[in-house]
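Per my numbering, the sequence shown starts with residue 4, numbered consecutively. For every residue, glycine included, the Cβ atom is placed at its ideal position computed from N, Cα and C. Inspection log for the structure reproduced underneath, given as structure tokens.
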Amino acid sequence: MQKSTKELSKTKSVLFETLHHIIFDRWSWNALFHELATLYEVFSTGQPSPSPPFPIPYADFALWQRQMLQGEYLAEQLTYWKQQLTITHLYATQAHKL
4 MQKSTKELSK
14 TKSVLFETLH
24 HIIFDRWSWN
34 ALFHELATLY
44 EVFSTGQPSP
54 SPPFPIPYAD
64 FALWQRQMLQ
74 GEYLAEQLTY
84 WKQQLTITHL
94 YATQAHKL
């Protein structure tokens, strides 16, 4: 995910986001847009975040994830995602030739 902003004036800016379609579908876009709109509304008026705090620190989650992604499970996941990305690349390559 890549993000950047462009300031149009002192009171207006535009947010640009680039997301790969394999990880981001229409439902995800709607959820993200709703959350961004809600957060913009509360932060621009000085209100506190309506989002609940994360249940665990990110460092703990990252440690758990690293422990999960080992051995055979990691090999299976890497094989699966390499195949998915190869298929996606092939479709995109063929679509450009049409």
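For residue i, which residues does DSSP report across the bridge?
| i | result |
| --- | --- |
| T21 | Q5 |
| S16 | E10 |
Mind reading off the beta-carbon distance from residue i to residue j? Whole number of angstroms is fine, and I expect it under 8 Å.
| i | j | result |
| --- | --- | --- |
| V160 | P56 | Since the first residue of the chain shown is 4 and the last is 101, residue 160 is not available in this structure. |
| K6 | F19 | 7 Å |
Find the nearest neighbour of residue i within the set the options, judged by alpha-carbon distance.
| i | options | result |
| --- | --- | --- |
| T102 | I59, A78, K85 and M4 | No answer is possible for residue 102: it lies beyond the span of the chain, which begins at 4 and ends at 101. |
Exercise for the section: List in chain order: all unbroken alpha helix (DSSP H) runs of 4+ residues lying wholly within the region 33–84. Expected result: Counting whole runs of 4 or more residues, the region 33–84 contains the alpha helix (DSSP H) stretches 61–71.
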